[in-house]
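Enquirer:
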Amino acid sequence: NAGPGNISKMRTEAKARGLNPDKWFNNVEIVTSERIGIETTTYVRNIYKYYAAYKLIEDAQE
4 NAGPGNISKM RTEAKARGLN PDKWFNNVEI VTSERIGIET TTYVRNIYKY YAAYKLIEDA
64 QE
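Here the sequence shown stands for residues 4 to 65, where the numbers follow my numbering.
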């Protein structure tokens, strides 16, 4: 489960490992994939891709 409580724990562990707890990619993502599995990291990666694509479209229309 990747609820808020678990993500908070992942951020705490990331900080303990010397990673940035305020950045997902290559930081909290690493701990999350080890502890929870790749489903959560894949989901976040896909949402970010959609955001980036929509942002490019929006910028091109301006």
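The C-beta atom is built at its ideal place from N, Cα and C for all residues, glycine as well.
No experiment lies behind these values; they were computed from the predicted model shown.
Which ranges would you report for the alpha helix (DSSP H) in the segment 39-65 if only whole runs of at least 4 residues count?
Expert: 41-64
Enquirer: Let's see if you can read the secondary structure: which residues bound the alpha helix (DSSP H) around Ala5?
Expert: Here residue 5 is taken as the residue at index 2 of the sequence shown, counted from 1. No alpha helix (DSSP H) holds Ala5; DSSP gives it neither H nor E.
Enquirer: Rounded to whole angstroms, what is the Cα-Cα separation between Glu16 and Ile10?
Expert: If you number the sequence shown from 1, residue 16 lands on position 13. If you number the sequence shown from 1, residue 10 lands on position 7. Computed Cα separation, rounded: 10 angstroms.
Enquirer: What did DSSP end up calling Asn29 once you bin it into helix, strand or coil?
Expert: For the purposes of this step, residue 29 is identified with residue 26 of the sequence shown, where counting begins at 1. In the structure shown, Asn29 adopts helical secondary structure according to DSSP, grouped into three states.
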